[in-house]
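Residue numbers (our numbering): 844 to 1148.
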């Protein structure tokens, strides 16, 4: 009898422990975090600088269209099960999105400088990454407003010997943390470049290039619909995607339009100068490469007090 009572107490104790453990772990098991990095050149209707810079005659309208495309992705992500969403405003001054239009449970990263740049805030707790409004690389012959990081300064950015667009660079940062890129929106050239590295991720083609400054574009409403559809498809098929992780150490090659930048940077230890306009840096992992590139892209004497 005494043995039976002890067994009952033990079973009751184990049941309480199990229940307590489940209460602690169920929220974590149900957590589904989505990171959305947003640029502007790949937004439907964007074709020239008239839509891209504060003060230009169409900028205010198009920052609203940009915001609405992101909101389409946010709403669709929630419908697909996302419990937490972080949005990175990654165009120009980083202050484009109309943040008052977003749900109160969405967090938004704004302005510069910030570590990991267009991927600021990414870590291993996220389940998926999406790119909205992305564009092709600087040497694309067909992309609308094609460039890599800086159209005024850079002519080439390569990782481990392969020239990459911004989307692949950012996928490599996410890949370091084990997070896959599952969807991209933009023109057909941006989509084709990223897929050539990442494989057949979901893609919302919102316009087709007719030249560097011209396009055959969807309307904003049609673009939002296709973005929402592709977002749901991507997140519901998350198991089909793999992180884009580069083999370390990682070699970074950067070419500049002006040769003096490469000359001065070559004075740094660990920086080589393979030709007049280029530098090469080898980093132990993608965060080190990203930190080096962010320094190269952002440092100027005007930062000093």
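From the three backbone atoms N, C-alpha and C, an ideal C-beta is built for every residue, glycine too.
- By the Cβ-count criterion, residue 1042 is exposed, with fewer than 16 other Cβ atoms from all chains shown falling within 10 Å of its own Cβ.
- Contact between residue 978 and residue 1033 holds, with the beta-carbon distance rounding to 5 Å and staying under 8 Å.
- Taking a C-beta distance under 8 Å as the contact criterion, residue 975 and residue 1039 do not qualify as a contact pair.
- Below 8 Å, enough C-beta pairs join the region 961-974 and the region 876-886 to call them touching: three or more.
- In terms of CA proximity to residue 955, 1137 leads the group 877, 1137, 902.
- Across the structure, residue 939 and residue 1069 are spaced so that their CA atoms are roughly 22 Å apart.
- When DSSP states are grouped into helix, strand and coil, residue 902 belongs to the helix group.
- The same chain holds no residue with a CB closer than 8 Å to that of residue 1144 once the five nearest residues on each side in sequence are set aside.
- Straight-line spacing of the CA atoms in residue 997 and residue 1099 works out to 4 Å.
- Only residues of its own chain outside the window of five on either side were considered, and among them 1023 have a CB closer than 7 Å to the CB of residue 1085, listed in chain order.
- Under the three-state reduction of DSSP, residue 1069 is assigned to helix.
- Around the beta carbon of residue 991, 16 or more other beta carbons lie within 10 angstroms, which makes this residue buried.
- When rounded, the separation of the alpha-carbon atoms in residue 967 and residue 1046 is 23 Å.
- Nearest Cα to residue 1088 within the set 895, 973, 953, 1012: 1012.
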